Amino acid sequence: MSRMDVPFLVVGGGPVGMIEAILLAKQGRECLVVERRSGPQTAPAAHVVSARTFEICRQAGLDMQAIDAACKDPADAGYVRFVTRLSGEEIGALPFERQGDECLRYTPTPLRNLSQHRFEPILADAVGKLPSVDLRYRWQWEQSEQDADGVTSIVRDLDSGDAHEIRSRYVIAADGAGSRVRGSLGIEMQGPPRIQSFLMIHFGANLREMVRDRPGVLYFVMDPEASGAFIAHDIDREWVYMHEFDPDQESEEDYDDDRCRDIVLRAIGEEAPLTILHKGSWHMSSQVADGMRKGRIFLAGDAAHRFPPTGGLGLNSGVQDAHNLAWKLCAVEDGWATASLLDTYAGERLPVARENTRQSLQNAVKMGLLPQALGTDVDPTSARLAESLADPDRRRAVAAAIEEQGEHFDMLGLQLGFSYAEGALVPEGSAPPLDSAREYRPSAHPGARLPHAWLEGGEPRRSSLDWISFDHFSLISFGAHESWTEAVERVGKVPVRQLRVGIDLELPDDAWQTNCGVEPTGALLIRPDQHVAWRAASLPEQPAASLTAALGRIVGESS
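Residues in the sequence shown are numbered consecutively from 0, following numbering that gives the first Met the number 0.
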């Protein structure tokens, strides 16, 4: 058995695992990523990438032009539509998230529809260019044993059958919903493991002409004799149809290509040339792990939380996990934080996962209002659907039920406004602003993401977020710069860089300062992951002592 020594072993080469590796590499760390698949995702899976995930990609130094080119044009992917059948009547429609220029006041990178099987190859290409990251496909994790100094894992090359012993300081398990690593640690999941089950039918077709006047990313088929949902990964060539089935009565093997084609054509409502490309089954669940860490092994992404897809929060939450964890691991390894900093990972991320689970499940439950309004919940027939749509009172009830889905497809507040109540921060006593899932209110309350603002001058345009480096804290001083400079010089071994508003950061007006809740002499201490760690609303009597005390609380020691 061969042996490899590497500081970090990442189990799972999906988006979460690869972004974890990229963030570690950005800080000069070596890591091994093992993935049992033969390569990047080839069939569609997640398709919503939030503004926050793109901000993290931007900070990680990924090729944002390549990412942008792989995204779907909002003109094609800007609506959710409720139809009798795909070729039939449109019952109603809602905008799909805020993807336009109006979002640029809140983020440099608005949400887009970027299919996972197009996102993963971009990430794999980026990983392949990093000399400090070794990505091994067809390598499967089998077991890990911990001791005081590290973790010894066994991984197997599935092609050769050879086993390899990997000695690492830490293991990050991003190995998906059925995480074998989590199972080995005995960490339990809380919540229902199976709410509904679906067959995902991936097919090739050009349906542009059919939906020419009503392009969209999601089409919910409301005819109960053909109910399901179409996802347009590319209107001109690539679609998915989600068909509910009962795995207690039948299996995926019962659905051959002919049966899948019949199901899709029934939901389309007319003949159309199409090719079945792939099929797979999955279970909608709503679960969060009891914990995200056991010793030197950490869980991230679906290994730690499984959301219903109603909200598109799964992949994005996992990327936030990776972002939260990477800087903390490096801080501890570099000796400027104690191991207690690692305890804040689960303390910060689990409440976010629970809230995302709650919101996703609420979205899924609200979808039940539509068949209730149509009367097809008690009489699941095409005839009842037609009768209801011909009834003006029913029609008004259906319109109201569709409007009730608005928050489901417009969650900017949840995507950008999530905040950590406690952890690697200095709380202020007052609760963080309570924003709805829909409305985002910029805030620099400790625990929140630093508000975005466009800086003056320079091309391409830079965001306030672009100034936050991933390998040190940033102290943004709004005035009294010399006093804050002296404070930074006296903080000890914790790396802090000062950014002076009006000198390093040129802002067009004082709106950003107002959003940050800081007076002209105050300052913000920003963590490497762009979250606010401490806010000095005004210059303290002893700036150096106050900053040093804040850092000591955040990193777990007196600096």
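We put the beta carbon where it would ideally sit given N, CA and C, even for glycine.
Predicted model, so just to flag it, every value in this text is computed and none were measured.
Would the beta-carbon of residue i fall within 8 Å of that of residue j?
i       : j       : result
Thr-343 : Ala-423 : yes
Leu-538 : Thr-520 : yes
Trp-511 : Pro-450 : yes
Arg-111 : Val-33  : no
Asp-393 : Ser-387 : Going by the sequence as given, residue 393 is Arg instead of Asp. Yes, these two residues count as a Cβ contact at 8 Å.
Ser-86  : Ile-267 : yes
Trp-483 : Ser-473 : no
Arg-496 : Ser-476 : no
Ile-525 : Val-517 : no
Pro-223 : Ser-284 : no
Val-493 : Leu-550 : yes
Ala-486 : Leu-523 : no
Ala-299 : Gly-317 : yes
Val-216 : Ala-231 : yes
Leu-314 : Ala-479 : no
Ala-173 : Val-397 : no
Ala-363 : Pro-307 : yes
Arg-489 : Ala-543 : yes
Glu-305 : Ala-176 : In the sequence as displayed, the identity of residue 305 is Arg instead of Glu. Yes, the pair counts as a contact, with Cβ atoms nearer than the cut-off.
Arg-137 : Arg-2   : no
Phe-197 : Ser-280 : yes
For residue i and residue j, what's the separation of their Cα atoms in angstroms?
i       : j       : result
Arg-292 : Thr-108 : 31 Å
Gln-139 : Ser-167 : 16 Å
Arg-80  : Pro-445 : 39 Å
Trp-335 : Met-199 : 48 Å
Glu-455 : Gln-142 : 52 Å
Gln-195 : Thr-274 : 26 Å
Pro-6   : Ala-147 : 14 Å
Glu-251 : Glu-88  : 31 Å
Leu-349 : Cys-56  : 22 Å
Gln-319 : Gln-286 : 17 Å
Met-410 : Gln-361 : 13 Å
Arg-260 : Trp-453 : 49 Å
Cys-70  : Ser-183 : 37 Å
His-471 : Leu-498 : 12 Å
Gly-13  : Ala-225 : 33 Å
Pro-43  : His-201 : 7 Å
Gly-67  : Phe-408 : Checking the sequence, you will find Asp at residue 67 rather than Gly. Answer to the nearest angstrom: the Cα atoms are 21 Å apart.
Gly-311 : Asn-355 : 10 Å
Tyr-419 : Pro-426 : 9 Å
Gln-58  : Val-82  : 40 Å
Ser-435 : Met-366 : 19 Å
Arg-265 : His-116 : 27 Å
Arg-552 : Glu-421 : 11 Å
Leu-506 : Ala-325 : 30 Å
Ser-557 : Thr-337 : Residue confidence is low: Ser-557 scores 43 on pLDDT, short of 50, so the model does not pin down where it sits. No coordinate-derived value is stated.
Arg-213 : Asp-75  : 9 Å
Arg-28  : His-322 : 15 Å
Buried or exposed: where does residue i fall if 16 or more other Cβ atoms within 10 Å of its Cβ makes it buried?
i       : result
Gly-16  : buried
Lys-25  : buried
Thr-380 : exposed
Val-351 : buried
Val-500 : buried
Asp-566 : Here the chain comprises residues numbered 0 to 558, so residue 566 is not present and cannot be evaluated.
Gly-428 : exposed
Val-220 : buried
Gln-358 : buried
Ile-171 : buried
Ala-400 : buried
Ser-178 : buried
Ile-502 : exposed
Less than 7 Å between C-beta atoms, sequence neighbours within five positions excluded: which residues of the same chain meet that for residue i?
i       : result
Leu-415 : Ala-50, Arg-51, Tyr-105, Thr-106, Tyr-439, Arg-448
Leu-340 : Lys-327, Ala-330, Val-331, Ala-423, Val-554, Gly-555
Gly-60  : Lys-25
Met-630 : The displayed coordinates of the chain run from 0 to 558. Any statement about residue 630 would go beyond what the structure contains.
Gln-98  : Pro-73, Gly-77, Pro-109, Leu-110, Arg-111
Arg-84  : Val-220, Asp-222, Ala-225, Ala-266, Ile-267, Gly-268
Given residue i, which residues of its chain have a CB within under 6 Å of its CB, disregarding the five upstream and five downstream residues?
i       : result
Arg-383 : Gly-374, Thr-375
Ala-303 : Ala-288, Met-291
Gln-145 : Gly-294, Arg-295
Tell me which residues share the same chain as residue i and place their Cβ nearer than 8 Å to its Cβ, disregarding the 5 neighbours each side in the sequence.
i       : result
Leu-504 : Leu-454, Ser-463, Trp-466, Ile-475, Leu-498
Tyr-169 : Pro-6, Phe-7, Leu-8, Gly-149, Val-150, Arg-295, Ile-296, Phe-297, Leu-328
Arg-460 : Pro-107, Trp-453, Leu-454
Would you call the segment 232-248 and the segment 193-210 touching, i.e. three or more CB-CB distances under 8 Å? yes
With contact counted as at least three CB pairs below 8 Å, one residue from each stretch, are the segment 14-23 and the segment 124-141 in contact? yes
Stretch pair the segment 239-250 + the segment 145-154: three plus CB contacts closer than 8 Å: no
At least 3 beta-carbon pairs within less than 8 Å: the segment 401-409 vs the segment 83-93: yes
Measuring CB atoms only, is the segment 36-45 touching the segment 116-124, in the sense that at least three cross pairs come out at less than 8 Å? yes
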